[in-house]
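K.L.:
What follows is a single structure, and I will ask about it in a moment.
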Amino acid sequence: MGLQHRAPLAVHGGGRESLPSDWMGRLGGCGRGQLGGFSHESEHDLGSLVRDFIENGSCGNESWYSSDSDSGSSDLAHLADKILLYKHSVDQYESDLVSVVHSLILSIDETNYPFDKFDMCNASCIRLSLVKLLQSSGYDAAICTTKWQSIGKIPGGEHEFIDVINHFNDGCFERYIIDIDFNSHFEIARAVQSYDVVLRALPPVFVGSTSKLKQFLQTMEEAARASLKQNSMPLPPWRSLAYLQAKWESTSGRVVSPHEQSTKQIHSSDHQHCSELLTRLKSRVESEIRGGIVKPWKNDGKQRLKPERWRNSSFRTC
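Residue 1204 is where the sequence shown starts when you use the working numbering, and the numbers rise one by one after that.
Okay, structure coming up:
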């Protein structure tokens, strides 16, 4: 029995719209549920899996220092090249969206985070800030949360991210995923040096179509498997392709106008994790712009699809 997927609901303030029944094959999915943060695996299930992996997953007397074998290093270098190829293979809309997202991240003021809860923010405030800025720039952006149940050795959990819908004049649309701190999904124990090269090749913020996301996930799972193999370690369930895909493809819904539960201004010290993450993101984003990898955003003043039309659109694919 595989992971169960259902069509998500598009939530616009107080109203909801169902997405088409073939949403999974065409789009990939966006999550329904309470606004969370990074992936929150079932504590009991994941804790048991981690203990089992540590106790039985490695080969006893292996050294805790990692080194590359010649063949393994070559394989990982090839995978790093694939990541760079995916990263630079963009159409005009995606290229513009990447530039906009990077520029908007640099403009986020951490002393005035919007927020929807006091505890366990886990960077929701950054995502909400980014969604509001994207919407102000004319994009149909929303907060998405996926939830999934444990299946076999795949632990259950939930994950929050952003999506942007690119509407076409004929009523069709294409969906783009935005995930901040993208690298954190692929960190592994005892990574060999060449795996770190693959990890550094990833964009600081993933911005791309659902099909491109799948390419990244497949390549990173292959890279993690190759790195762990050099240390005679199996791939843990929380780094498997099935688990990675569940983060973005599980039962879901999108909230276009998330209601803040409080309007009180929170000092950045109350969001230490968010503050540290935003600082790292801004540093990496600035490096990408300085290095010419991402073009600076030039606001041409062109009017995008108005919010009223988002709410009345049919949410169908073609």
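Idealized CB from N, CA, C, for every residue including glycine.
Less than 8 Å between the CB atoms is what I'm expecting for I1329 and C1347, so what's the real figure, rounded?
P.N.:
I1329 to C1347, Cβ: 15 Å. No contact.
K.L.:
Answer with buried or exposed for S1332, where buried requires no fewer than 16 other C-beta atoms within 10 angstroms of its C-beta.
P.N.:
Burial call: buried.
K.L.:
In the stretch 1359-1430, which residue ranges form an unbroken alpha helix (DSSP H) of at least 4 residues, counting only runs that do not cross its ends?
P.N.:
The stretch 1359-1430 contains these whole alpha helix (DSSP H) runs: 1396-1404.
K.L.:
Quick check: the stretch 1444-1454 against the stretch 1349-1367, are there 3 or more CB pairs under 8 Å?
P.N.:
They touch, by the three-pair rule.
K.L.:
Report the partner residues of T1482 according to the DSSP bridge assignment.
P.N.:
None, per the DSSP bridge assignment.
K.L.:
Are there three or more Cβ pairs, one per stretch, closer than 8 Å when the stretch 1430-1444 is compared with the stretch 1387-1401?
P.N.:
Touching, yes.
K.L.:
For the structure I just gave you, are there three or more beta carbon pairs, one from the stretch 1275-1283 and one from the stretch 1406-1417, closer than 8 Å?
P.N.:
At 8 Å Cβ cutoff, the stretches do not touch.
K.L.:
Determine, using beta-carbon pairs with one atom in the stretch 1410-1426 and one in the stretch 1286-1304, whether at least three such pairs fall under 8 Å.
P.N.:
Segments in contact, yes.
K.L.:
If L1420 sits next to Q1448, beta carbons under 8 Å apart, how far is it from one beta carbon to the other, in whole angstroms?
P.N.:
Their Cβ separation, rounded to whole angstroms, is 6 Å, which keeps L1420 and Q1448 in contact under 8 Å.
K.L.:
Hey, would you say W1500 sits closer than 7 Å to V1303, going by beta carbons?
P.N.:
Against a cut-off of 7 Å, the Cβ pair of V1303 and W1500 comes out as a contact.
K.L.:
From what residue to what residue does the alpha helix (DSSP H) around D1299 run?
P.N.:
From DSSP, the alpha helix (DSSP H) with D1299 extends over 1295-1310.
K.L.:
What does the Cβ neighbour count give for C1477, buried or exposed, with the cut at 16 atoms within 10 Å?
P.N.:
Its Cβ being crowded by 16 or more others within 10 Å, C1477 is buried.
K.L.:
How many whole angstroms separate the CB atoms of L1307 and K1485, which I take to be in contact at a CB cut-off of 8 Å?
P.N.:
Actually they do not touch by this definition, with Cβ atoms about 11 Å apart.
K.L.:
Expressed to the nearest angstrom, what Euclidean distance is found between the alpha-carbon atoms of I1311 and N1502?
P.N.:
Cα to Cα, I1311 sits roughly 17 Å from N1502.
K.L.:
So what does W1351 bridge to, in DSSP terms?
P.N.:
W1351 pairs with G1360.
K.L.:
Using the Cβ count rule (16 or more neighbours within 10 Å means buried), how would you classify F1371?
P.N.:
So F1371 ends up on the exposed side.
K.L.:
For R1330, report the span of its alpha helix (DSSP H) as first-last.
P.N.:
Start and end: 1327-1339.
K.L.:
Suppose you measure from the CA of Q1295 to the CA of S1435; what does that come to, to the nearest Å?
P.N.:
Answer to the nearest angstrom: the Cα atoms are 43 Å apart.
K.L.:
Any idea if P1437 is buried or exposed, counting beta-carbon neighbours within 10 angstroms, 16 or more meaning buried?
P.N.:
Exposed, by the Cβ-count rule.
K.L.:
Determine the burial state of C1324: buried for a count of at least 16 other Cβ atoms within 10 Å of its Cβ, exposed for fewer.
P.N.:
Counting Cβ neighbours within 10 Å, C1324 comes out buried, since at least 16 surround it.
K.L.:
If you compare alpha carbons, which of C1375, E1424, R1487, R1378 is closest to E1390?
P.N.:
Nearest C-alpha to E1390: E1424.
K.L.:
Taking the CB atoms as reference points, tell me whether A1326 and V1459 lie closer together than 7 Å.
P.N.:
Taking 7 Å as the Cβ cut-off, A1326 and V1459 do not qualify as a contacting pair.
K.L.:
Please name the residue, chosen from L1279, L1300, S1276, that lies closest to V1497 on a Cα-to-Cα basis.
P.N.:
Ranking the options by Cα distance to V1497, first place goes to L1300.
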